[in-house]
Structures are given as structure tokens and as C-alpha cells.
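Visitor:
2 protein chains.
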Amino acid sequence: MAANILLVEDEPAIQELIAANLTRAGHTVLRAQDAEIATRIVRDALPDLVLLDWMLPGQSGIEFARRLRGEERTRNVPIIMLTARSEEHDKVLGLEIGADDYVTKPFSPRELMARIKAVLRRRAPQTTEDAVEMAGLRLDPVTHRISSGAQLINLGPTEFRLLHFLMTHAERVHSRAQLLDQVWGDHVFVEERTVDVHIRRLRSALEATNHDRLIQTVRGSGYRFSVEVMATGELE
Amino acid sequence: MAANILLVEDEPAIQELIAANLTRAGHTVLRAQDAEIATRIVRDALPDLVLLDWMLPGQSGIEFARRLRGEERTRNVPIIMLTARSEEHDKVLGLEIGADDYVTKPFSPRELMARIKAVLRRRAPQTTEDAVEMAGLRLDPVTHRISSGAQLINLGPTEFRLLHFLMTHAERVHSRAQLLDQVWGDHVFVEERTVDVHIRRLRSALEATNHDRLIQTVRGSGYRFSVEVMATGELE
DNA sequence: CAGCACCGTGACGATTTTGTGACAGGTAAG
DNA sequence: CTTACCTGTCACAAAATCGTCACGGTGCTG
Chain A
8 MAANILLVED EPAIQELIAA NLTRAGHTVL RAQDAEIATR IVRDALPDLV LLDWMLPGQS
68 GIEFARRLRG EERTRNVPII MLTARSEEHD KVLGLEIGAD DYVTKPFSPR ELMARIKAVL
128 RRRAPQTTED AVEMAGLRLD PVTHRISSGA QLINLGPTEF RLLHFLMTHA ERVHSRAQLL
188 DQVWGDHVFV EERTVDVHIR RLRSALEATN HDRLIQTVRG SGYRFSVEVM ATGELE
Chain B
8 MAANILLVED EPAIQELIAA NLTRAGHTVL RAQDAEIATR IVRDALPDLV LLDWMLPGQS
68 GIEFARRLRG EERTRNVPII MLTARSEEHD KVLGLEIGAD DYVTKPFSPR ELMARIKAVL
128 RRRAPQTTED AVEMAGLRLD PVTHRISSGA QLINLGPTEF RLLHFLMTHA ERVHSRAQLL
188 DQVWGDHVFV EERTVDVHIR RLRSALEATN HDRLIQTVRG SGYRFSVEVM ATGELE
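Protein chains in written order, with the working numbering: chain A, 8 to 243; chain B, 8 to 243.
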């Protein structure tokens with residue numbers, strides 16, 4: 008959770024504001040007023056995340072980002088860009104470079120912190136090697152097996168990862184976007200509705216042991232793995 | 008609790024005094040000596056609250072406040088005005104612009120801190136992820152579930168958001184227009200009476216656990232979520 | 001008590017969201 | 001080069017939810 012964050016921002020007041028919020032959230036802050044200083048810092052130690060102002064004196068933020076992406080060593084460092092306006096042109100340019108997220112000024116620090124949290128979590132997928140068992144359904148990451156009692160259940164790789172994620176984050180609702188980030192990977196371009204299809208494949212595989220009811224649809228929000236029975240159906 | 012506060016005050020001694028108190032209370036302070044500096048800051052980052060001196064060199068505080076209210080992005084930032092005069096006329100003018108509170112100099116720091124706390128609390132619960140529980144009714148945004156004891160209650164997306172808003176802003180009357188803004192979204196074209204229908208759907212869903220009485224009609228004004236029993240009828 | 005403004009309610013068509021079956025690649029094993 | 005999976009996308013079906021309306025009830029005013 009706690010991370011080392013490189014903050015590249017020329018406006019002192021804003022830099023101070025962001026730094027204070029980051030510190031309060033438990034992160035360590037490395038500050039840079041311009042791209043040159045930032046470059047020097049990155050050479051010494053790789054941060055876990057870079058917060059980068061689009062407009063900087065001297066070398067622009069976008070140029071710095073491009074350089075980060077260009078070098079093997081720094082390629083995988085997540086970048087969040089702070090941009091003056093939400094113009095489509097900027098957004099496209101940013102995506103090209105591979106910024107992980109965008110925050111447009113004026114931004115609320117609260118929202119910025121939320122984005123940072125999201126990006127960090129996306130980058131550090133929680134993959135315990137421990138077996139999970141819920142409601143008689145057992146998933147073992149080591150042997151890559153799923154079983155219900157003696158009954159073995161066969162799944163494709165994607166459905167396996169999906170079920171693993173859902174079981175290790177049970178009871179929570181996950182949006183399709185979140186599932187894509189966590190299960191498919193960070194920078195994958197896939198239709199959101201594809202999640203539906205895999206949910207369906209997962210369900211039909213679990214149908215044999217009547218475990219398909221554990222995967223619930225939350226209309227307008229996403230999906231949830233839950234042991235609790237749905238409220239509606241008192242089907243008798 | 009901890010917030011980012013923009014302090015616009017030209018008198019250095021006063022500024023220092025207030026800033027020290029804010030910092031001690033755990034807040035982060037952004038300082039500006041005049042409206043121009045304040046404008047520059049707001050262009051980049053939205054504070055959680057603005058403490059604004061009425062009298063400023065150059066552009067007046069009231070003018071700055073008016074500009075904040077005029078722009079979409081900054082409209083909802085709470086403002087507390089600081090003024091030397093205590094004339095009724097000023098108070099009216101300030102409230103007209105939409106200042107959330109009003110403190111007259113000389114003020115006691117303790118009083119000011121209390122006002123700040125009050126305003127922040129009023130604005131805060133809008134974006135919380137925490138579960139809410141009132142009168143045995145529990146709403147959890149994370150699992151997207153509503154329960155009364157072991158009994159689960161099913162709601163559509165809109166009713167869910169409506170109940171969430173009402174519960175996080177309980178004991179207060181909300182007009183239909185306010186509810187539409189807060190629950191439906193800012194620029195939605197929907198009949199006001201539609202709120203009635205959703206209130207009704209919400210009530211009938213809560214009826215099973217006898218929680219429908221928590222949602223009260225305030226004739227001529229709107230609706231209120233309240234734990235207190237209505238004074239009027241002891242319906243048996 | 002009449003008139004009026006306001007609210008609750010049931011119904012219904014429209015819209016949005018999700019489930020489902022089919023299909024065209026893609027990949028790895030044989 | 002087959003064959004046997006997997007995958008991502010689509011189009012369409014099914015389902016849930018939404019917004020509106022009309023009607024009737026309720027409480028306030030004078």
C-alpha cells in the first residue's frame with residue numbers, strides 16, 4: 008500500500024498540497040520541480056509511481072513520460088498525468104505514451120488519491136498461492152485445480168483467473184472495468200462486455216455442482232462472488 | 008476529517024494565526040494573499056473548503072466568491088467568509104452568493120475551527136465508501152448490499168443511490184430538485200414527480216422489514232430520512 | 001365544507017442492461 | 001497440416017429498470 012511516489016510539479020503551492028496528501032496517505036514523496044531533476048531522481052532509484060504535470064518549464068512532461076517509456080528500466084513505472092484541460096487531443100496523446108491515468112485540473116486531491124490507489128492496486132495484483140475454499144468450492148492455485156468434493160471442475164485459463172480473483176475478493180462488487188484490470192491485465196484493450204461472456208462460461212462450468220449461484224449479477228454495477236443468498240428469490 | 012483548505016487573507020498576522028490553527032487540527036493549508044493568487048491555485052487544485060476574507064487588496068473577496076460560484080467545476084466548494092463588519096447587509100450579500108458560513112472579526116480561533124468542522128461534515132459524506140447503518144438498516148456501498156439483520160433487501164440501481172444519499176444525509180429535508188441533482192445527476196431532464204415514484208418503490212422494498220417509516224414526506228418541501236418518529240400520528 | 005395544492009399508487013411503454021448462442025481467428029500439441 | 005481448445009466480438013433475446021401519466025386520496029385554507 009505505502010509506495011514511493013515521484014512528484015513532478017513546478018507550482019510550489021500545488022506541489023506542497025499534493026505532497027502533504029501523499030504523506031498523509033502513508034506514501035513517501037520524492038519531489039522534482041522540472042524534468043531534469045526528475046530524471047536525476049529516477050536514475051538513482053525507481054519510484055513505484057510517477058505523478059507528472061503535463062506543463063513543465065524546460066522539457067515538457069510529455070517528453071519526460073516518453074523517455075520513461077523508452078528505456079527498458081523505467082518502462083513499467085506507472086504514470087499518472089496532471090493535465091490542464093480535458094481536450095481530446097491531449098488524452099489521445101497521453102494514451103499513446105501509455106499514461107496509466109489522467110487527472111484534469113482543477114483536480115480535487117481526494118480524487119487524485121483515489122486514482123493513485125487504484126493504479127497501485129492494479130499494478131500489484133494480489134495473487135496468494137494459498138488455496139481458497141468457500142461454500143464447498145475449492146480452488147488451488149498451485150495445482151491449478153478446482154474441485155467440489157471429489158468432483159473436479161475444468162476451466163480455461165481466463166475463467167480460472169477470474170474465479171480466483173472473485174473468490175479472493177468475495178462479497179465485493181467489481182465493475183467490468185475493475186475485472187478487466189485485475190484479471191486480464193492493465194493495458195489490455197478488450198470490450199467490457201467480454202467479461203459477461205466469461206462470467207457466463209464460468210457459471211455454466213460451475214452449474215454441475217450448483218455453485219453457479221455464487222456468482223451474482225449486480226445490475227448497473229458489475230458482478231459479485233457471494234456465499235449469501237440473493238434477497239429476492241424465496242423460490243419454493 | 009483532515010482536509011485541504013485554501014486560506015485567502017492579506018493580513019500576514021491573521022493568516023499566520025489561522026494557518027497555525029488549521030495545521031494543528033490536521034488540515035493542509037494553501038495560502039493566498041489576494042484573489043489573484045487564489046485564482047491561480049484554484050485553477051490547478053480544488054480545495055475542500057475556502058476561507059475567504061471579505062476585504063482584499065485588488066479584487067474583493069466577494070468578487071472571488073462570485074467567480075467560484077459561477078464556474079461549474081468550483082460551484083460546490085464550500086466557502087466560509089471572514090469579515091470585519093457585522094452588518095446585516097453584508098450577511099445577506101454573502102449568503103446570496105452562496106457562502107456556507109460567515110464569521111465576523113474579531114473571531115475566536117476556537118469558534119472558527121468549530122464552524123469549519125461543521126461545514127466539512129455537512130459536505131463530507133457525499134463520497135464515502137463506508138457502510139451506513141441506521142435504525143437497524145444497513146447499507147454497504149462496497150458489497151452493494153442492504154440488509155436488516157439477516158434479511159437482505161433488493162433494490163434497483165436508482166433506488167440504491169437514492170437510499171444511500173438519504174442515509175448519508177439523514178435528518179434533513181431534500182427537495183425533489185435537490186434529489187434529482189444529487190442522485191440522478193446534475194443536468195438530467197427528468198420530471199420532478201419521478202422522485203415520488205422512486206420514493207414509493209423504495210418504501211415498498213423497505214416495507215418487508217418495517218423500515219419504510221424512516222422515509223418521511225414533508226408536505227410542500229420534499230422528503231426526509233429520519234430515525235425519529237413522526238410527531239403526528241400514532242398509527243396502530 | 002368546498003376548493004385547492006400536493007402526494008401516493010398502479011399501470012405501461014420505452015429504455016437500458018444483461019444473458020446467450022454462434023462464429024471467426026489464434027495457439028499449441030500431435 | 002490437422003485437431004482441439006480458448007478467446008474476443010457480435011447480434012439478438014430476455015429481463016430488469018426507468019420515467020410518465022392519470023386517477024384518487026389527503027390535508028390545508030378560508
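From the three backbone atoms N, C-alpha and C, an ideal C-beta is built for every residue, glycine too.
#1: Output needed for A:A177: all residues of its chain with C-beta closer than 6 Å, excluding positions within five of it in sequence on either side, in chain order.
#2: Hey, how far is the Cα of B:M88 from the Cα of A:I21?
#3: Assuming B:E140 is part of the alpha helix (DSSP H), what are its boundary residues?
#4: Quick check: is the beta carbon of B:D51 nearer than 8 Å to any beta carbon in chain A?
#5: Would you report the Cα separation of A:T4 and B:R129, rounded to the nearest angstrom?
#6: Comparing the C-beta of B:I123 with each C-beta of chain A, is any distance below 8 Å?
#7: A:M174: which of A:P148, A:G192, A:R183 sits nearest, CA to CA?
#8: Is the segment 104–115 of chain B touching the segment 135–145 of chain A in the sense that three or more CB pairs, one from each, lie closer than 8 Å?
#9: According to DSSP, what are the bridge partners of A:R145?
#10: For a test of the three-state rule: what should DSSP assign to B:Q185, helix, strand or coil?
#11: To the nearest angstrom, report how far apart B:E70 and B:I104 are at their CA atoms.
#12: Does the distance from the CB of A:L146 to the CB of A:H171 come in under 8 Å?
#13: Listing by chain order, which chain A residues have their CB less than 8 Å from the CB of B:V204?
#14: Of all the residues that make up the segment 160–182 of chain A, which are near chain B by a beta-carbon distance shorter than 8 Å?
#15: Taking just the CA atoms, how far does A:S67 sit from B:L37?
#16: Buried or exposed: which applies to A:A45, given that a residue is buried once 16 or more other Cβ atoms fall within 10 Å of its Cβ?
#17: Where does the unbroken alpha helix (DSSP H) through A:F71 begin, and where does it stop?
#18: How many angstroms separate the CA atom of B:G227 from the CA atom of B:G77?
#19: DSSP three-state label for A:D60, please.
#20: Return no unless some Cβ of chain A is closer than 8 Å to the Cβ of B:A138.
#21: In this structure, what does DSSP give as the bridge partners for A:R129?
#22: From the beta carbon of A:A184, is the nearest beta carbon of chain B less than 8 Å away?
#23: Could you round the C-beta distance between B:L53 and B:T35 to whole angstroms and report it? I think they count as a contact, below 8 Å.
#24: How about A:L56 and A:P85: do their beta carbons lie closer than 8 Å?
#25: For the segment 12–25 of chain A, which residues have a beta carbon sitting closer than 7 Å to at least one beta carbon of chain B?
#26: If you drop the 5 nearest sequence neighbours on each side, which residues of the same chain put their C-beta closer than 7 Å to that of B:E241?
#27: Is there a Cβ from chain B that is less than 8 Å from the Cβ of A:S211?
#28: Give me the chain A residues within the contact set of B:V149, using Cβ-Cβ distance strictly less than 9 Å, ordered along the chain.
#29: Report the residue from B:T90, B:D203, B:A32 whose alpha carbon sits nearest the alpha carbon of B:L63.
#30: At which residues does the alpha helix (DSSP H) containing B:L24 begin and terminate?
#31: In this structure, what does DSSP give as the bridge partners for B:T111?
#32: My output table needs one value for B:L209: the three-state DSSP class, helix, strand or coil.
#33: How would you call B:D107, buried or exposed, if buried means at least 16 neighbouring beta carbons within 10 angstroms?
Guide: Looking at the atomic coordinates:
#1: Along the first sequence, one-based indexing puts residue 177 of chain A at 170. Excluding sequence positions up to five before and after A:A177, its CB lies within less than 6 Å of the CB of F232, all in the same chain and listed in chain order.
#2: Counted from its first residue, the second sequence places residue 88 of chain B at position 81. Counted from its first residue, the first sequence places residue 21 of chain A at position 14. Approximately 23 Å, taken between the alpha carbons.
#3: Reading the second sequence from its first residue, position 133 is the one you call residue 140 of chain B. Where B:E140 is concerned, there is no enclosing alpha helix (DSSP H), although the beta strand (DSSP E) it sits in stretches over 139–141.
#4: As a position in the second sequence, residue 51 of chain B is number 44, starting the count at 1. Chain A contact via Cβ: present.
#5: What is shown of chain A runs 8 to 243, which leaves residue 4 of chain A out entirely.
#6: Position 116 of the second sequence, counted from the start, is the residue given in the question as residue 123 of chain B. It does not: the Cβ of B:I123 has no partner Cβ on chain A nearer than 8 Å.
#7: Numbered from its first residue, the first sequence carries residue 174 of chain A at position 167. Closest by alpha carbon: A:P148.
#8: no
#9: Residue 145 of chain A sits at position 138 when you count from the first residue of the first sequence. Looking at the DSSP assignment, A:R145 forms a beta bridge with A:E140, A:S154.
#10: In the second sequence, residue 185 of chain B corresponds to position 178, counting from 1. Of the three classes helix, strand and coil, the one that applies to B:Q185 here is helix, per DSSP.
#11: Within the second sequence, numbered from 1, the residue matching residue 70 of chain B stands at position 63. Within the second sequence, numbered from 1, the residue matching residue 104 of chain B stands at position 97. The straight-line gap from Cα to Cα measures roughly 9 Å.
#12: Your numbering for residue 146 of chain A matches position 139 in the first sequence. Your numbering for residue 171 of chain A matches position 164 in the first sequence. Yes; because the gap between Cβ atoms is below 8 Å, this pair is in contact.
#13: What you label residue 204 of chain B is simply residue 197 of the second sequence in a count that begins at 1. Correct list: empty, because the minimum Cβ distance to chain A is about 18 Å.
#14: E178, R179, V180
#15: Reading the second sequence from its first residue, position 30 is the one you call residue 37 of chain B. Reading the first sequence from its first residue, position 60 is the one you call residue 67 of chain A. Answer to the nearest angstrom: the Cα atoms are 26 Å apart.
#16: Here residue 45 of chain A refers to the residue found at position 38 when the first sequence is read from its first residue. By the 10 Å Cβ count, A:A45 comes out buried.
#17: Position 64 of the first sequence holds residue 71 of chain A. First-last of the alpha helix (DSSP H) with A:F71: 68–77.
#18: For the purposes of this step, residue 227 of chain B is identified with residue 220 of the second sequence, where counting begins at 1. For the purposes of this step, residue 77 of chain B is identified with residue 70 of the second sequence, where counting begins at 1. Spanning the two alpha carbons is a distance of roughly 29 Å.
#19: Position 53 of the first sequence, counted from the first residue, corresponds to residue 60 of chain A. Residue state, collapsed to three classes: strand.
#20: Position 131 of the second sequence, counting from 1, holds the residue named residue 138 of chain B. Not an interface residue.
#21: Here residue 129 of chain A refers to the residue found at position 122 of the first sequence. Beta-bridge analysis with DSSP links A:R129 to no other residue.
#22: In the first sequence, the residue the question calls residue 184 of chain A occupies position 177. Taking Cβ atoms only, chain B never reaches closer than 8 Å to A:A184, which makes this a no.
#23: Taking the first residue of the second sequence as position 1, residue 53 of chain B is located at position 46. Taking the first residue of the second sequence as position 1, residue 35 of chain B is located at position 28. That pair is no contact at about 13 Å.
#24: Counting from one through the first sequence, the residue named residue 56 of chain A turns up at place 49. Counting from one through the first sequence, the residue named residue 85 of chain A turns up at place 78. Their beta carbons are under 8 Å apart, which means A:L56 touches A:P85 by this criterion.
#25: Within the segment 12–25 of chain A, the residues whose Cβ lies closer than 7 Å to any Cβ of chain B are, in chain order, E18, A20, I21, L24.
#26: Here residue 241 of chain B refers to the residue found at position 234 of the second sequence. In this prediction, B:E241 scores a pLDDT of 41, lower than 50, which makes its location untrustworthy; the coordinate-derived value is nonetheless stated afterwards. Closer than 7 Å at Cβ, skipping near neighbours: no residue.
#27: The sequence position of residue 211 of chain A within the first sequence is 204, counting from 1. With 8 Å as the cut-off, A:S211 does not count as an interface residue toward chain B.
#28: Sequence index remark: in the second sequence, residue 149 of chain B carries index 142 (1-based). Neighbours of B:V149 on chain A, chain order: E178, R179, V180.
#29: In the second sequence, the residue the question calls residue 63 of chain B occupies position 56. Among B:T90, B:D203, B:A32, the Cα nearest to that of B:L63 is on B:T90.
#30: Taking the first residue of the second sequence as position 1, residue 24 of chain B is located at position 17. From DSSP, the alpha helix (DSSP H) with B:L24 extends over 19–31.
#31: Your numbering for residue 111 of chain B matches position 104 in the second sequence. DSSP lists B:T90 as partners of B:T111.
#32: Counting from one through the second sequence, the residue named residue 209 of chain B turns up at place 202. Helix.
#33: The residue you call residue 107 of chain B lines up with position 100 of the second sequence. It is buried - the Cβ of B:D107 has at least 16 other Cβ atoms within 10 Å.
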